[in-house]
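Trainee:
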Amino acid sequence: MKLNERSVAHYATCNSPPDKTGFLFKKGERNTAYHRRWFILKGNMLFYFEERESREPIGVIVLEGCTVELCESESEEFAFAVKFDCVKARVYKMAAESQAAMESWVKALSRASFDYMRLVVKELERQLEEVQGERLLQAKNKAKKHLSQVQGAEAGLRTAAPSLQNAAITGPLQEGLSSRENGVSWSKNSGVANGVSEGCAWEGDCSARAEGVRPPPVPPRRKTNGGSLESPVSPGTGCFSKLHDWYGKEVAELRIEWLQSK
Amino acid sequence: MRFNEKELVFLSRQPSERAAELGMRGPKKGDVVKRRLVKLIVNFLFYFRTDEDEPIGALLLEQCRVEREDDHVFSIVFLDEAERKYLFECDSQEQCVEWIDAIIKASYEFMRKNLIYYRTEIHRLTGKDPLEQYGISEETRFQVNSLPPLPSPPT
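Residue numbers (the working numbering), protein chains in the order written: chain Y, 290 to 551; chain E, 994 to 1148.
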């Protein structure tokens, strides 16, 4: 079976940060002696090099559908094995240079699969939605409370309040709407590198963002149909902190007006 | 470069994120469009002859760029050899758009960025690190800035 080997080898040595590196002894396939190799773990790919300075890996082990176990070895201390589910699969026997190194490698390798990463991401995505939903609810209740205080005051303000509430629904969401299509903005002949996430539709709005990190596109299941607007209370709305700030501003302004009118 | 081919072939038989018959053209001059069964599984794109069980080949989808070439055609180029394009002809615009989206999201690096974003946001909103409960908060792959700190300037 063919593989884009040159590009895979490039992935090993390119400037994206590796997840773990170090020397390990690896048992040979035909030659059953253990050879000391330099290992680089990146994502779900475990590369091994003859030397630390080697420019090209000797080989790579794709870490999907495997388990990592400690194992007994007559010749090596701190031995462990990478085993695959499939029939007649090869068992990769390795040994670390210390107990701590072995434990660290076993941990890293057993969590290296794409599937594991996907699970963690899904879980965090769910948690973030929960947190955002709660905050939106709190902000809305706070706004309602202030608005009802305002409504209890001068008659002039009473008419202003409901229209402000409508504005709250249409304002920030319209910005969020266009950025939701596919989650990736592209045009003909422009590319989106997935090694470099350019063209992502959320451009520099939220302030407290980690350096150089763009938020992920909204998953397809939340795409709106025919441009209908979601309620501001439901999760996944555009940029949360912007929405939150907007509510806060409206409330602050209303409060000032009310206080001045007394 | 050696790779665990048997295990990769086994992976190609697992449930896919997306699979379809597409027209595929290789990157070499003189390559022509051929009908292939294309399967997206984790961060690999496998391609098969339409009547065969064993894949002809696999493309690891890291460090690559996906571009729309036409109404229903997209391409994949790998950043280390950007002149070589793999072309894929879809049956419709919609299918093309869906494939592009799926492939962009299929890289480990893309997931890592998502994870870092979610982690940072949750921490910002709640003051808590959501990865602590899994005991993986210290792992390099989940750090905001995985690069080693710059050496301090000479005094």
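By construction, the Cβ of each residue, glycine as well, lies at the ideal position given by its N, Cα and C atoms.
#1: When you check each C-beta in the region 1101 to 1123 of chain E against every C-beta of chain Y, which residues fall closer than 9 Å?
#2: Alpha carbon to alpha carbon, what distance is there between Ala368 of chain Y and Ser295 of chain Y?
#3: What's the gap between the Cα of Met391 of chain Y and the Cα of Ala385 of chain Y?
#4: Since Glu340 of chain Y meets chain E, which of its residues come closer than 8 Å, beta carbon to beta carbon?
#5: Can you give me, in chain order, the residues of the region 415 to 446 of chain Y that have a beta carbon less than 8 Å from any beta carbon in chain E?
#6: Just the chain Y side, please: which residues come within less than 9 Å of Leu1033 of chain E by C-beta, in chain order?
#7: Cys1089 of chain E lies in the alpha helix (DSSP H); which residues open and close that run?
#8: Going by DSSP, what residue range makes up the alpha helix (DSSP H) through Ala238 of chain Y?
#9: Given this structure, state the Cα-to-Cα distance separating Asn333 of chain Y from Ser1085 of chain E, to the nearest angstrom.
#10: What are the boundary residues of the beta strand (DSSP E) that Ile1034 of chain E is part of?
#11: Within this structure, are the beta carbons of Val351 of chain Y and Glu1000 of chain E separated by less than 8 Å?
#12: Jot down the residue ranges of each uninterrupted beta strand (DSSP E) in the region 316 to 397 of chain Y, minimum 3 residues, whole runs only, in chain order.
#13: If you measure beta-carbon to beta-carbon, which residues of the region 1064 to 1084 of chain E are closer than 7 Å to chain Y?
#14: Spell out whether any CB of chain E is found under 8 Å from the CB atom of Glu323 of chain Y.
#15: Taking its Cβ as the centre, do 16 or more other Cβ atoms sit within 10 Å of His324 of chain Y, making it buried, or is it exposed?
#16: Quick check on Trp475 of chain Y: buried or exposed, where buried means 16 or more other Cβ atoms within 10 Å of its Cβ?
#17: Is it true that the CB of Ala1013 of chain E sits closer than 8 Å to the CB of Val1026 of chain E?
#18: Kindly indicate the opening and closing residues of the beta strand (DSSP E) around Arg1069 of chain E.
#19: For Asn997 of chain E, does the count of other Cβ atoms within 10 angstroms reach 16, so buried, or fall short, so exposed?
#20: Compare the C-beta of Glu345 of chain Y against all C-beta atoms of chain E and say whether one is closer than 8 Å.
#21: Can you tell me whether DSSP reads Leu1118 of chain E as helix, strand or coil?
#22: Three-state secondary structure (DSSP) at Glu998 of chain E?
#23: Assign Leu1015 of chain E to one of three DSSP states: helix, strand, or coil.
#24: Buried or exposed: which applies to Lys433 of chain Y, given that a residue is buried once 16 or more other Cβ atoms fall within 10 Å of its Cβ?
#25: In chain order, what residues of the same chain have a beta carbon less than 7 Å from the beta carbon of Glu1055 of chain E, not counting five sequence neighbours either side?
Mentor: Judging by the given coordinates:
#1: Tyr1101, Glu1102, Phe1103, Met1104, Arg1105, Lys1106, Asn1107, Leu1108, Ile1109, Tyr1110, Tyr1111, Arg1112, Thr1113, Glu1114, Ile1115, Arg1117, Leu1118, Thr1119 and Pro1123
#2: A small correction: the amino acid at residue 295 of chain Y is Arg; Ser does not occupy that position in the sequence shown. So the two alpha carbons sit approximately 31 Å from each other.
#3: 5 Å
#4: None at all; the shortest Cβ gap to chain E is about 15 Å.
#5: Gln416, Leu417, Val420, Gln421 and Arg424
#6: None at all; the shortest Cβ gap to chain Y is about 12 Å.
#7: Gln1086 to Ile1097
#8: With chain Y covering 290 to 551 only, the question about residue 238 of chain Y has no answer from this structure.
#9: 33 Å
#10: Lys1027 to Ile1034
#11: yes
#12: 323 to 331, 334 to 338, 348 to 351, 355 to 359, 368 to 373 and 381 to 384
#13: Phe1071, Leu1072, Asp1073 and Glu1074
#14: Sequence inspection shows Tyr at residue 323 of chain Y; the Glu mentioned does not correspond to that position. Not an interface residue.
#15: exposed
#16: For Trp475 of chain Y, the predicted structure reports a pLDDT of 32, less than 50, and the residue's modelled location is therefore unreliable. A value from the coordinates is still provided. Flag for Trp475 of chain Y reads buried.
#17: no
#18: Note that residue 1069 of chain E is Ile in the sequence shown, not Arg. Where Ile1069 of chain E is concerned, the enclosing beta strand (DSSP E) stretches over Val1066 to Phe1071.
#19: buried
#20: yes
#21: helix
#22: helix
#23: strand
#24: exposed
#25: Asn1036, Ser1100, Tyr1101 and Glu1102
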